[in-house]
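Numbering (my numbering), first residue to last: 381 to 552.
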Ligand SMILES: [Zn+2]
């Protein structure tokens with residue numbers, strides 16, 4: 381049997397600084413996430429990836445949306461979720477029939493509801509919303525940069541830089 385595909389579902393917060401590290405997973409967003417990024421002027425770096433098919437845009441159906449709302453109600457987070465949050469969670473739920481899904485969000489309510497739905501969540505900043513401090517590094521030569529070059533290309537070896545949250549003392 382073939383390996384199950386892996387999907388990384390990204391909410392708006394996960395994409396505001398650009399596309400995060402994917403570890404070989406296929407990135408998925410929803411139409412609502414693209415609209416939010418556009419409104420915040422953050423769509424430019426993502427648009428070519430969407431157009432080139434590197435990022436999948438999934439619009440979840442009504443059945444999964446309802447399932448998400450029911451799960452949100454059962455954990456008391458229904459009112460804390462925006463329509464886009466619900467859409468992103470529904471996309472993650474939808475994909476879990478097609479492969480292994482991980483949701484990347486820093487939103488506590490989304491994390492709660494995702495766990496309720498059995499969706500794996502990663503958030504760089506669990507418990508610390510909107511406070512990510514990114515560290516950029518080169519997967520090619522291993523160089524790291526606190527303030528990366530504007531083109532996000534390694535000045536040492538020319539590889540595209542990646543980023544990860546910078547440790548801020550609190551180790552888990
Ligand atoms: Zn390098």
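Note that the Cβ used here is the ideal one computed from N, Cα and C, for glycine as well.
Proximity of residue i and residue j at Cβ, strictly below 8 angstroms
i: residue 430; j: residue 445; result: no
i: residue 427; j: residue 543; result: no
i: residue 474; j: residue 497; result: no
i: residue 388; j: residue 405; result: yes
i: residue 516; j: residue 528; result: yes
i: residue 471; j: residue 410; result: yes
i: residue 436; j: residue 407; result: yes
i: residue 484; j: residue 414; result: no
Cβ neighbours of residue i in the same chain (closer than 7 angstroms, five flanking residues each side left out)
i: residue 457; result: 489, 492, 493
i: residue 478; result: 385
Cut-off 6 angstroms between Cβ atoms - residues of its own chain near residue i, not counting five sequence neighbours on either side
i: residue 500; result: 482
i: residue 412; result: 464, 467
i: residue 480; result: 384, 386
Residue i, DSSP secondary structure in three states
i: residue 470; result: helix
i: residue 462; result: coil
Cβ neighbours of residue i in the same chain (closer than 8 angstroms, five flanking residues each side left out)
i: residue 539; result: 518, 519, 520, 521, 533
i: residue 396; result: 417, 420, 422
Beta bridge counterpart(s) of residue i as assigned by DSSP
i: residue 488; result: The partner list for residue 488 (beta bridge, DSSP) is empty, contrary to what the question assumes.
i: residue 544; result: 515
i: residue 480; result: 386
i: residue 539; result: In the DSSP output, where bridge partners are listed per residue, residue 539 has none listed.
i: residue 500; result: 482
i: residue 524; result: 517
inquiry  = Going residue by residue through the stretch 392-438, where are the continuous alpha helix (DSSP H) segments of at least 4 residues, counting only ones entirely within it?
reply    = 392-395, 411-419, 427-431
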